[in-house]
Amino acid sequence: MKKASIEGKGVLNNRISEYLLNSLGHCGVKTHLVKRLNMREQLIKKVEIIPIEFIVRNIATGSLSKRLGISEGTVLEKPLLEYYLKNDELGDPIITKEHIYAFEWAAKEEIKDIDKMSFKINDILQGLFRGVGIKLVDFKVEYGRIWNKNRQANEIILADEISPDTCRLWDIKTEKKLDKDRFRKDLGNIIEAYQEVARRLGIMPEETNISEVNFGKTTSIKFKK
Ligand code: TMP
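Sequential numbering of the sequence shown, starting at 311, is according to the working numbering.
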């Protein structure tokens with residue numbers, strides 16, 4: 311796995327994720343976000359994380375194209391939801407619902423709720439991004455359980471960041487990648503792409519000065535009030 315520290319990316323992700331989670335919240339999706347604390351930190355609700363990554367795809371690319379030979383860019387007739395086990399040692403393998411129930415990683419009722427929430431999140435985010443000239447290609451989310459006082463019934467909430475690190479975002483006209491694939495595929499201009507997403511979402515004023523000195527070197531970010 312490629313690793314690098316890109317100065318300034320965390321700040322942008324924090325702002326973008328806050329905006330997206332709040333937008334989902336306004337549409338009735340329960341999330342772990344309480345509030346953004348500062349440029350780099352968020353206050354979130356404590357949950358018991360479900361050990362599954364939920365990936366929703368609208369357009370074939372990435373591991374779907376690689377694994378099944380589906381041509382890159384194929385628009386899927388309807389959104390495709392996949393399950394991956396959260397296990398770094400095993401490389402987060404793809405799993406089926408039968409695996410989830412057999413090994414009790416989540417209950418049937420929970421998965422039913424999560425499937426519904428995932429498609430709802432997809433609908434909301436697709437519309438939100440379409441409005442600013444961006445195609446939501448795919449994204450990954452995780453969920454967590456909140457137990458009630460008697461540890462009986464539980465509530466499932468979205469418990470993840472949503473940012474260009476966890477979504478694929480393409481410009482509607484040019485199909486330019488505005489997400490982490492710029493890093494994964496060595497395309498460069500990562501900060502500019504994330505900045506472009508923030509600017510289009512209206513969460514970064516035009517006056518904002520982000521200067522990327524060089525890849526890996528210091529990036530200064532100032533958000534003007
Ligand atoms: P994939 O095509 O590599 O399976 O990725 C699908 C989507 O999930 C893509 O938007 C990137 C995101 N993703 C993560 O956020 N974290 C991960 O660990 C992986 C594998 C993918």
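For glycine and all other residues, C-beta sits at the position ideal for the given N, C-alpha and C.
Does the Cβ of G372 lie closer than 7 Å to at least one heavy atom of the ligand TMP? Position 62 of the sequence shown holds residue 372. Correct: G372 has its Cβ closer than 7 Å to the ligand TMP.
- prompt: Taking buried to mean at least 16 other C-beta atoms within 10 Å of its own C-beta, is M311 buried or exposed?
  reply: One-based indexing of the sequence shown puts residue 311 at position 1. By the 10 Å Cβ count, M311 comes out exposed.
Quick check on the burial criterion: 16 or more other C-beta atoms within 10 angstroms. Buried or exposed for T371? Your numbering for residue 371 matches position 61 in the sequence shown. Label assigned to T371: buried.
Quiz item: So what does Q352 bridge to, in DSSP terms?
Solution: Here residue 352 refers to the residue found at position 42 when the sequence shown is read from its first residue. Partner(s): R346.
### Query
Which residue comes first and which comes last in the alpha helix (DSSP H) that contains R325?
Residue numbering aside, residue 325 sits at position 15 when the sequence shown is read from its first letter. First-last of the alpha helix (DSSP H) with R325: 319-336.
**Item:** For N499, the three-state DSSP class (helix, strand or coil)
**Value:** In the sequence shown, residue 499 corresponds to position 189, counting from 1. N499 falls in the coil class under three-state DSSP.
### Query
Contact check, R510 vs G443 under 8 Å by CB: the rounded distance?
Counting from one through the sequence shown, the residue named residue 510 turns up at place 200. Counting from one through the sequence shown, the residue named residue 443 turns up at place 133. Rounded, the Cβ-Cβ distance is 7 Å, consistent with contact.
Pull the bridge partners of I369 from the DSSP assignment, please. On the sequence shown, residue 369 is found 59 positions in, with the first residue counted as 1. Answer by DSSP bridge pairing, in chain order: V385.
* **Bounding residues of the beta strand (DSSP E) (the contiguous stretch that carries E471)** => Working through the sequence shown from its first residue, we reach residue 471 at position 161. Counting along the chain, E471 falls outside any beta strand (DSSP E), and DSSP gives it neither H nor E.
Quiz item: Helix or strand or just coil, what does DSSP make of K527?
Solution: To locate residue 527, count along the sequence shown from 1; it is residue 217. For K527, the predicted model reports a pLDDT of 37, less than 50, meaning its position is unreliable; a value from the coordinates is still stated below. In the structure shown, K527 sits in coil (DSSP, three-state: anything other than H, G, I, E or B).
_Strand pairing of L395, partner residues [DSSP]_ = Along the sequence shown, read from residue 1 onward, the residue named residue 395 stands at position 85. The partner list for L395 (beta bridge, DSSP) reads I362.
Quiz item: Whose CA, out of W415, R492, L331, lies closest to the CA of K355?
Solution: As a working note, residue 355 is residue 45 in the sequence shown. Checked all of W415, R492, L331; the closest Cα to K355 is L331.
Report task. Check G454 in the structure and name its three-state DSSP category. Result -> Taking the first residue of the sequence shown as 1, we reach residue 454 at position 144. The answer is strand: DSSP assigns G454 an E or B state.
ask   = Around the Cβ of K319, are there at least 16 other Cβ atoms within 10 angstroms (buried) or fewer (exposed)?
value = Taking the sequence shown and counting its residues from 1, one reaches residue 319 at position 9. K319 should be labelled buried.
task = Grab the span of the alpha helix (DSSP H) containing D423 for me, first residue to last.
result = Here residue 423 is taken as the residue at index 113 of the sequence shown, counted from 1. From DSSP, the alpha helix (DSSP H) with D423 extends over 418-440.
Query - Stretch-stretch touch, CB-based, cutoff 8 Å, three pairs: the stretch 335-345 with the stretch 412-422 - result: no
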